[in-house]
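Trainee: Mind the numbering: the sequence shown is residues 0 to 454 in numbering that gives the first Met the number 0, read in order. Glycine residues also receive a C-beta, built at the ideal position from the N, C-alpha and C atoms. Note that the structure is a prediction, hence the values are computed from the model and not measured. Before anything else, here's the structure in question.
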Amino acid sequence: MRIRKGVARPAYLTQDDAAAVREVLGAFSSAVAGSWKYAELEERISQISRIYDRRLVRGLSSLMERRLTLSQASGISPVELRRLLFSMGPVISREERDALIASVASKFNTSMDEVERAIFSDVEREKLVAGLEALGPGDLIAWYNAELTETLLARSVSLRISAARLWSAILRRIKRLGLMYEVIEGEGTPSIEVTGPASVLGIHDRYSRAASGLVPVLLDVGEWRMEGRIRLGTREMGFSVDSSSAEMRYPPDVVGRSIRTFDSSIEERLHRALLQAAPDLKVSREPAPLDAGPGVMVPDFAVDVDGHRVFIEVVGFWTPEYLRRKVEKLRRVRGVDMILLVDGSIGFPRADVPSEVIFYRGNDIPLKRLLTSIRGRSSQGVDVNAAVQSPGHSGPPIAGLDALLEGLMGSTFDEVERRLRPILGENWLDAIESNGYYFEWGSLDVRDARLRRRG
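So this is what it looks like as structure tokens:
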């Protein structure tokens with residue numbers, strides 16, 4: 000990272016660095032051609048790092064190491080061989096050692112040299128360089144620059160992204176990575192503000208990996224710009240990078256792997272689960288943006304059930320400031336039914352959230368509760384318009400309300416009120432009691448009251 004006038008900029012490579020790049024590529028090519036041990040390749044890279052910038056050489060080498068194929072130097076099982084050698088007792092002289100190796104070589108019907116090679120052939124440094132997915136100098140330079148941009152994002156405190164086109168593709172990637180973001184409307188194309196990993200406590204490593212995953216889609220977009228703040232040690236400073244800053248691209252196989260890694264995200268699992276468990280529901284991924292003026296909000300899903308649309312937003316990361324902005328945005332989105340599906344391991348507070356909150360942990364999606372809640376909103380369930388027009392209802396149970404209440408079992412007084420008052424009006428408590436439900440009070444604090452069913 001280069002710092003000039005208080006502004007950080009990645010030390011991107013250009014064709015001026017081609018000599019160092021060719022030296023590194025030459026070392027890897029020679030290692031394959033000569034069937035070097037991995038230790039010999041490491042030694043050659045160490046020599047090159049004494050000629051050129053050490054960090055540059057190590058960085059280039061680490062990328063090429065991902066493209067290596069290593070193999071054991073011997074066909075003899077090193078584990079079995081060591082077990083046999085050690086079972087034959089200790090040796091205290093060179094002669095005794097040679098005699099032991101000769102005896103074992105005879106048992107394996109091989110030479111003493113082969114036994115020597117096989118003893119530790121499963122240790123990485125002793126393995127042979129057997130293959131390499133080759134790259135040209137220009138490709139390696141472009142890949143190195145893309146990885147530097149990933150590092151920049153991983154260390155960022157905040158960043159704002161703008162693009163000349165396909166900004167919706169960037170937003171879709173941000174959402175699938177689970178990043179905390181806000182869409183900022185302005186003249187022309189919107190920009191997207193993303194909370195950086197350096198401002199997130201407790202989940203920094205996981206969030207850093209997610210933030211780095213933005214780079215592949217930026218490179219696909221074409222023209223883009225990022226600016227924000229980065230933390231380097233104890234210092235914080237600004238940065239600005241755009242698509243013209245350097246030549247950046249990934250090898251085709253690297254891009255493919257990076258995209259596939261997100262197929263197991265909570266959003267993907269939830270999408271598959273909804274389609275399999277409820278094929279009658281119309282489930283849309285990343286529906287049209289909702290007006291949250293100023294700005295917009297793009298939920299993860301929209302589910303249509305008997306003429307009613309409910310939105311689902313997955314919350315995987317949060318900070319107090321992000322939560323505050325999210326709550327404000329939810330309050331500004333009027334006339335919208337929203338369910339928040341929240342990672343229960345992140346300590347998300349329920350208080351003051353103007354939406355129903357359902358928690359999940361790890362890969363365990365509470366699908367039954369979620370579907371119960373969704374179906375309770377259908378026109379065959381709660382008749383929203385009729386319920387609002389007759390807020391004083393205290394007669395027979397409202398059709399379908401029981402399904403909705405079942406999904407709220409165990410919720411606090413405040414949560415139930417926020418969910419039902421807009422539907423049932425001022426006398427929502429009477430409607431609850433008519434359907435055989437009540438609140439169990441643990442104390443005089445309304446936050447301790449939990450919804451229960453009689454009998």
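For the region 258-345, which segments carrying the beta strand (DSSP E) assignment without a break, of at least 3 residues, lie completely within its bounds, in sequence order?
Mentor: You should have 281-284, 300-304, 307-314 and 336-342.
Trainee: What number of angstroms, rounded off, separates the C-alpha of W427 from the C-alpha of T371?
Mentor: Distance between the alpha carbons of W427 and T371 is about 20 Å.
Trainee: Any beta carbon of chain B sitting closer than 8 Å to that of V220?
Mentor: Of the protein chains in this structure there is only one, and it is not chain B.
Trainee: R116 lies in the alpha helix (DSSP H); which residues open and close that run?
Mentor: Per DSSP, R116 belongs to the alpha helix (DSSP H) from M111 to A117.
Trainee: DSSP three-state label for Y437, please.
Mentor: Strand, per DSSP.
Trainee: Give every residue of the same chain whose Cβ lies closer than 6 Å to the Cβ of W35, excluding the five residues on either side of it in the sequence, and list them in chain order.
Mentor: Correct list, in chain order: V128.
Trainee: What's the call for M87, buried or exposed, on a 16-neighbour Cβ count within 10 Å?
Mentor: Exposed, by the Cβ-count rule.
Trainee: Going straight from the alpha carbon of G313 to that of V182, what length do you get?
Mentor: This sequence places Val at residue 313; Gly is not what is there. If I take the Cα positions, the gap works out to 17 Å.
Trainee: Could you tell me whether the region 263-275 touches the region 234-254, using the rule of 3 or more Cβ pairs below 8 Å?
Mentor: Contact fails: fewer than three Cβ-Cβ distances are below 8 Å.
Trainee: T318 and M179 look like a contact to me (Cβ under 8 Å); what is the Cβ gap, rounded to whole Å?
Mentor: Confirmed, about 7 Å.
Trainee: Which full runs of the beta strand (DSSP E) of 3+ residues lie inside the region 0-86, going along the chain?
Mentor: DSSP runs (the beta strand (DSSP E)) wholly in the region 0-86: 1-3, 6-8 and 67-70.
Trainee: Who are the near neighbours of L366 in its chain, counting only those whose CB is closer than 7 Å to its CB and skipping five residues on each side?
Mentor: So the list reads A272 and A276, once near-sequence residues are dropped.
Trainee: Can the beta-carbon of G237 be found closer than 8 Å to that of V6?
Mentor: Yes.
Trainee: Are the CB atoms of I100 and M111 within a distance shorter than 8 Å?
Mentor: A contact, by the Cβ cut-off of 8 Å.
Trainee: Please say whether L407 and V415 have beta carbons closer to each other than 8 Å?
Mentor: Cβ atoms of V415 and L407: closer than 8 Å.
Trainee: Tell me whether N108 is buried or exposed, calling it buried when 16 or more other Cβ atoms sit within 10 Å of its Cβ.
Mentor: Per the 10 Å Cβ criterion, exposed.
Trainee: Buried or exposed: N144, going by 16 or more other Cβ atoms within 10 Å of its Cβ?
Mentor: Classification of N144: buried, given that the 10 Å Cβ count is 16 or more.
Trainee: Assuming Y359 contacts G343 under a Cβ cut-off of 8 Å, what Cβ separation, rounded to an integer in Å, is found between them?
Mentor: Between G343 and Y359 the Cβ distance is about 6 Å, and since that is below 8 Å, they are a contact.
Trainee: Answer yes if the region 279-286 comes into contact with the region 320-329, meaning at least three C-beta pairs across the two stretches below 8 Å, and no otherwise.
Mentor: With the cut-off at 8 Å, the region 320-329 and the region 279-286 do not touch.
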